[in-house]
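> Take this structure, written in structure tokens, and hold onto it; I'll ask about it next.
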Amino acid sequence: MIKFCVRLVQRWLPEPFIFAILLTLVAAVVAMGVCSQTPVEVLEHWGGGVWNLLAFAMQMALVLVCGSALAAAPAVKRAIDALARLPKSPAAAIALVTAVSALACWLNWGFGLIVGVVFAKSIARQMRGIDYRLLIASAYSGFVVWHAGLSGSIPLTMATPGDALVKATNGALTAPVPVSQTILDSHNLVMVLLVIVAITVANTLMHPKQGAVTVDPALLEEEAASGKGEVVGEKTPAQRMEHSPVLAWITGLLLLGYLVLRLGFRNGTVDLGSVIMLFLALGLLLHGTPVAYVRAFGKAATGAAGIILQFPFYAGIMGIITGVGVSGISLGSVLAEGCIRISNPVTYPLLTFLCAALLNLFVPSGGGHWAIQAPIMFTAGAELGVDAGLTGTAIAWGDAWTNLIQPFWALPALAIAKLDAKDIMGYCLIDLLITGVIICGGLVVWAL
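Residue numbers for the sequence shown follow my numbering, beginning at 2 and rising by one.
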């Protein structure tokens, strides 16, 4: 089974950008067939949607880059290297990488995605006989819990008050849904725990007893230092400011102070902006000087290149899926309403999850899912008597689940690991099947 999945993916999965282009063509053809839209209408929907997610793309890039810069802080790297010396066998290493990556992704998806693969590479440098492809796949597999975690964009958007929430849900949500009813709900926390345990066990069992694909030493080489360290000789006033820990600490503490004021004393909610601000503050404090953080931030930004390139294309796909032609229907509404027609209060969260999982292959973005599903799914959920927190969590899990076989979010990790998507997605396919059973069962139990 494992060999079959690995060979299948290696043979048929193209480069992620090609994958995005193929999905665009599939969405266009389906929209013309299902919604009776003309080629001109589909083209207009695609072109009109290309730039519709720029604000959200910036947020996603900042989450990723701030998380990556934090993972590159000397104190964090030392902790990672020390942790990498703990496992004494390949199986133990696979298990530890999976668990650490999943827990870190639950805290912050950008941080977890990067720290997981950095941790995996640190282990690969110190341990012989470990399957490198599976090691990196294990680091990425933890990403499946991100949208059920503290940086999940849909739960955080639901917790953010304002007219945007009412408008996005067609009036189904007139008040924010606190994270205690989504991320921190006991049902969700149990699902997260079970998923982490399951992928940890599965990844460990997938490691071959013999014939492991070991790492090419060239893939583990550290990038040479930039040569822009401490200034030799007398510093200019500008250089003293650049290397001043005082400025870094003042800025970091101001950011943390604002968060404490807003969340602790102004009854604010933990939204996406709060998460970005927290990791920006911690990154500044741990790097110690403004110039050190600037360099770490700049290096981390290269990992967002694939996201920056592909996000407009996926926004264009979202334009096709949400675009309404002369027929008066959109592809997204057809899919969502088809799910609703065969639902009851118990099956609705499960079918919402599966609908989101399918959409995620075409629109791997929490913001995209929110734009497509929120106007329909929350209204229908309210009519069926389904709790809004459960509906939102089902959408979030669906968005995260098929990331295991959607290579879009693996791009930063693959860039660090110096591998291709086809090298790891075969293993992730096994994790997809296992976690799917757990998530489906958890949603049904929650709905009862």
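All C-beta atoms, glycine included, are put in the ideal place defined by N, C-alpha and C. Computed from a predicted structure; not experimentally measured.
Once the 5 residues before and after Trp371 are set aside, which same chain residues still bring their CB inside 7 Å of it?
Within the same chain, Trp371 has close Cβ partners Ile155, Thr158 and Ala169.
> Is it the case that the Cβ atoms of Leu248 and Pro291 are separated by a distance below 7 Å?
Contact flag set, yes.
> Can you tell me the Cα-Cα spacing of Ile124 and Ser334, whole angstroms?
Cα-Cα distance, rounded: 47 Å.
> Give every residue of the same chain whose Cβ lies closer than 6 Å to the Cβ of Ser227, excluding the five residues on either side of it in the sequence, and list them in chain order.
Unreliable positioning characterises Ser227 in this predicted model, as indicated by a pLDDT of 41, which lies under 50. A coordinate reading is not provided.
> Within its chain, find whatever has a CB closer than 7 Å to the CB of Phe379; leave out the 5 residues flanking it on each side and keep chain order.
For Phe379, where only same-chain residues beyond five positions count, the Cβ hits under 7 Å are Thr170, Ala173, Leu174, Ala389 and Thr392.
> Any contact of the segment 421–436 with the segment 9–17, i.e. 3+ C-beta pairs under 8 Å?
Enough Cβ pairs lie closer than 8 Å, so yes.
> How is Gly390 classed by DSSP in three states: helix, strand or coil?
Reduced to three states, the DSSP call for Gly390 is helix.
> Thinking just about the alpha-carbon of each residue, which of His208, Thr353, Cys106 and Gly150 is nearest to the one in Leu385?
Selected option, being the one with the closest Cα: Thr353.
> In the structure shown, what three-state DSSP assignment does Ile373 receive?
Three-state DSSP puts Ile373 in a helix.
> Determine the extent of the alpha helix (DSSP H) in which Ala411 is found, giving its start and end residues.
Where Ala411 is concerned, there is no enclosing alpha helix (DSSP H), given that its DSSP letter is neither H nor E.
> Name the residue from Val191, Leu84, Val325 and Gly307 whose alpha carbon lies nearest to the alpha carbon of Gln127.
Out of Val191, Leu84, Val325 and Gly307, Leu84 has the C-alpha closest to the C-alpha of Gln127.
> Take every Cβ of the segment 31–49, pair it with every Cβ of the segment 306–326, and state whether three or more of those distances are shorter than 8 Å.
These segments touch.
> Could you compute how far the alpha carbon of Val180 sits from the alpha carbon of Asn189?
Distance between the alpha carbons of Val180 and Asn189: 11 Å.
> Are Pro408 and Ala418 close, meaning C-beta to C-beta below 7 Å?
Their beta carbons are not under 7 Å apart, which means Pro408 does not touch Ala418 by this criterion.
> Pick helix, strand or coil for Ala225, following the three-state DSSP scheme.
Note that Ala225 scores 43 on pLDDT, short of 50, meaning its location in the model is unreliable; the coordinates nonetheless yield the value given after this. Coil, per DSSP.
> For Val446, which residues in the same chain have their Cβ closer than 8 Å to its Cβ, ignoring the five residues on either side in sequence?
The residues are His188.
> So Ile95 and Leu135 are in contact, right, with Cβ under 8 Å, and what is the actual spacing, rounded?
Correct: roughly 6 Å between the Cβ atoms.
> Between the C-alpha atoms of Gly367 and Pro238, what's the straight-line distance to the nearest angstrom?
Straight-line Cα distance between these residues: approximately 45 Å.
> Measure the beta-carbon distance from Ile373 to Leu360 and round it to whole angstroms, keeping in mind my assumption that it falls under 8 Å.
Confirmed, Cβ separation roughly 6 Å.
> Could you pull the start and end residues of the alpha helix (DSSP H) that Glu16 belongs to?
From DSSP, Glu16 is part of no alpha helix (DSSP H); its letter is neither H nor E.
> Quick one: is Met192 buried, meaning 16 or more other Cβ sit within 10 Å of its Cβ, or exposed?
By the 10 Å Cβ count, Met192 comes out buried.
> Between Asp456 and Ala165, is the Cβ-Cβ spacing less than 7 Å?
In the structure displayed, the chain extends from 2 to 449; residue 456 sits before or after that span and is not available.
> Could you check how far apart the C-beta atoms of Gly153 and Ala448 are, in whole angstroms? I think they sit under 8 Å.
That belief does not hold up - the Cβ atoms of Gly153 and Ala448 are roughly 19 Å apart, past 8 Å.
> According to DSSP, is Lys210 part of a helix, a strand, or is it coil?
Coil, per DSSP.
> Under 7 Å between the Cβ atoms of Pro246 and Gly284?
No, they are not a contact pair.
> By DSSP, does Ala239 sit in helix, in strand, or in coil?
Residue state, collapsed to three classes: helix.
> Can you grab the Cα-Cα spacing for the pair Leu24 / Ala73, in whole Å?
Taking the straight line joining both Cα atoms gives about 34 Å.
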